[in-house]
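Counting from 3, one number per residue, gives the positions in the sequence shown under our numbering.
First the structure, in the form of structure tokens, and then the observations on it.
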Amino acid sequence: MIKNAKEGVIIQIYVQPNAKKTEIEGVDEWRKRLKVKVKAPPVEGKANKEVVKFFSKLLGTEVVLLRGETSREKDLLVKGLTAEEVKEKLGI
Numbered sequence: 003m004i005k006n007a008k009e010g011v012i013i014q015i016y017v018q019p020n021a022k023k024t025e026i027e028g029v030d031e032w033r034k035r036l037k038v039k040v041k042a043p044p045v046e047g048k049a050n051k052e053v054v055k056f057f058s059k060l061l062g063t064e065v066v067l068l069r070g071e072t073s074r075e076k077d078l079l080v081k082g083l084t085a086e087e088v089k090e091k092l093g094i
């Protein structure tokens, strides 16, 4: 779910679009991913942009979408932090 990589940290998430507000809902044990709700619809990359912006602001560093452009299961690359720092900032 959150692991160190060569370029930074990879966070594996499951996205639920069209939510009332953008937030981390918790851990999806079945998928082994962090469950994230986003207000944006899954149209023309709006939900993807909102996810990247949300995590960039939350973690205070650059975040890039690695995998899952057209899927609810996404992998994010967090640059400049360790897995422990990411877990601490996310409260996990």
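Virtual Cβ for every residue (Gly too), placed ideally from N, Cα, C.
Identity of the residue in K91, W32, R33 nearest K59 by Cα: K91
I15 beta carbon less than 8 Å from that of L78: yes
Three CB pairs or more closer than 8 Å across the stretch 19-35 and the stretch 62-69: No: fewer than three Cβ pairs fall under 8 Å.
Proximity to V54 [Cα-Cα], best of M3, N6, V17, K8: Answer by Cα proximity: V17.
Span separating the alpha-carbon of A49 from that of F57: 12 Å
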